[in-house]
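Taken in order, the sequence shown gives residues 1 to 235; the numbers are from full-length UniProt numbering. Down below is the structure, laid out as structure tokens.
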Amino acid sequence: MEEKVSVLIPFYNDPYVGEAIASAVAQTWSNKEIIVIDDGSEHALDKLDPWRGSVHVVQKPNGGTASALNAGLAVATGAYVAWLSSDDRFHPAKLQNQVRFMQACGASISFTDYSIINVDGEQLHSTATPRFHSQAHLHEFLLEGNPVNGCTVVCRRELFDRIGAFDTQLPYTHDYDMWLRALISGYALHYLHEPLTAYRHHPGMGSIRHRADAELETKATMARHRTRLLLRLGA
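Structural data, given as structure tokens:
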């Protein structure tokens, strides 16, 4: 029997959210719940209307992506949790391929390669992530920055129960902080080299608008965890 997967879609004034929801609904993995967290949106709410009968919409005051993800986690009932940004899309077999991969290797957390699309949804690049040859190879990247696209990640729910939710004090690196805490707690990040998420490049994306602040926060996040991480990795 398929275990349930909870797909969390944080949403704030994003005109692409309908495409994100459609890609989650179309997953070949049948046992799933889709939770859209409206983080105090003022625009594009009409994009949710066609889906209100098939997804769970959580509404909350604006607080940022980490707080929206935590609100989704609070109501999620799946054995697995996936995160999809409202401007991105899942490949139809994303959940099926990734959960089967995790079951085969006993993973509690995994991430995948991804493709890059433009504002019109046209593919710009078919692959965007290095092929990690080993855990040690991945750790080299993680010690320098965040090579993990959060929207490619699937976790078992008990990981959050053990290490805690996303840090709402980190507007740009709540995901990086989570992966580092997972490693420090003894979890391995398993990598599947399949582009199962389409990551959209557009002028309004936060990673462009807040690049300088995000780079500073990335360095601070690594500095905070570095000693414990090196001890755990035996580096």
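Note that CB positions come from ideal geometry on N, CA and C, so glycine has one too.
Where Glu-33 falls: helix, strand or coil (DSSP): Position 33 of the sequence shown, counted from the first residue, corresponds to residue 33. Looking at Glu-33 - three-state DSSP - the assignment turns out to be strand.
Per-residue burial, Lys-124 [other beta carbons within 10 Å of its own, 16 or more giving buried]: Here residue 124 is taken as the residue at index 124 of the sequence shown, counted from 1. It is Leu, not Lys, that sits at residue 124 in the sequence shown. Answer is exposed; the Cβ neighbour count stays below 16.
Rounded C-alpha distance that separates residue 253 from Ala-165: Within the shown structure, residues of the chain are numbered from 1 to 235, placing residue 253 beyond reach of any answer.
Taking the C-alpha atoms as reference points, what is the distance between Glu-217 and Ala-68? Within the sequence shown, numbered from 1, the residue matching residue 217 stands at position 217. Within the sequence shown, numbered from 1, the residue matching residue 68 stands at position 68. Taking the straight line joining both Cα atoms gives about 20 Å.
Would you call the region 122 to 142 in contact with the region 90 to 103, where contact means no fewer than 3 C-beta pairs closer than 8 Å? no
Going by the beta-carbon positions, is the gap between Asp-14 and Ser-115 smaller than 8 Å? Working through the sequence shown from its first residue, we reach residue 14 at position 14. Working through the sequence shown from its first residue, we reach residue 115 at position 115. No.
Note down, one range per segment and in chain order, each beta strand (DSSP E) of at least 3 residues found wholly within the region 171 to 203. 189 to 200
From the DSSP output, in three-state form, read off Val-81 for me. The count along the sequence shown starts at 1 and reaches residue 81 at position 81. If DSSP states are grouped into helix, strand and coil, Val-81 belongs with the strands.
Among Tyr-80, Leu-231, Arg-52, Leu-138, nearest to Ile-184 - alpha-carbon criterion: As a first step, residue 184 is located in the sequence shown; it is residue number 184 there, counting from the start. Among Tyr-80, Leu-231, Arg-52, Leu-138, the Cα nearest to that of Ile-184 belongs to Leu-231.
Comparing alpha-carbon positions, which option in Pro-171, Ser-6, Ala-20 lies nearest Glu-215? Residue numbering aside, residue 215 sits at position 215 when the sequence shown is read from its first letter. Glu-215 has its Cα closest to that of Pro-171, out of Pro-171, Ser-6, Ala-20.
When the Cα atoms are used, what is the spatial distance from Val-7 to Gly-53? As a first step, residue 7 must be located in the sequence shown, where it is residue number 7. As a first step, residue 53 must be located in the sequence shown, where it is residue number 53. Looking at the two C-alpha atoms, the distance is approximately 16 Å.
Using the Cα positions of Met-102 and Asp-120, report the straight-line distance between them to the nearest angstrom. Position 102 of the sequence shown, counted from the start, is the residue given in the question as residue 102. Position 120 of the sequence shown, counted from the start, is the residue given in the question as residue 120. Near 32 Å, if we compare the C-alpha coordinates of Asp-120 and Met-102.
Cys-105 burial status per 10 Å Cβ neighbour count (16 or more: buried): Along the sequence shown, read from residue 1 onward, the residue named residue 105 stands at position 105. When all chains shown are included, Cys-105 counts as exposed.
Distance check for Thr-221 and Gly-145, CA to CA, integer angstroms please. Locating residue 145 in the sequence shown gives position 145, counting from the first residue. Locating residue 221 in the sequence shown gives position 221, counting from the first residue. Gly-145 and Thr-221: Cα-Cα distance of roughly 9 Å.
Residue nearest to Val-154 in terms of C-alpha spacing, selected from Tyr-80, Pro-195, Gly-40, Lys-60: To locate residue 154, count along the sequence shown from 1; it is residue 154. Nearest option by C-alpha distance: Tyr-80.
Measuring CB atoms only, is the region 49 to 64 touching the region 17 to 34, in the sense that at least three cross pairs come out at less than 8 Å? yes
Within 10 angstroms of its Cβ, does Pro-195 collect 16 or more other Cβ (buried), or is it exposed? Indexing the sequence shown from 1 puts residue 195 at position 195. The residue is buried, with at least 16 neighbouring Cβ atoms inside 10 Å.
Measuring straight from C-alpha to C-alpha, what distance separates Ser-30 and Phe-141? Translated into the one-based positions of the sequence shown, residue 30 becomes position 30. Translated into the one-based positions of the sequence shown, residue 141 becomes position 141. Ser-30 and Phe-141: Cα-Cα distance of roughly 34 Å.
Residues of its chain near Leu-138, where Cβ-Cβ distance is below 8 Å and the 5 sequence neighbours each way are ignored: Taking the first residue of the sequence shown as 1, we reach residue 138 at position 138. Within the same chain, Leu-138 has close Cβ partners Phe-132, Pro-147, Leu-189, Tyr-191.
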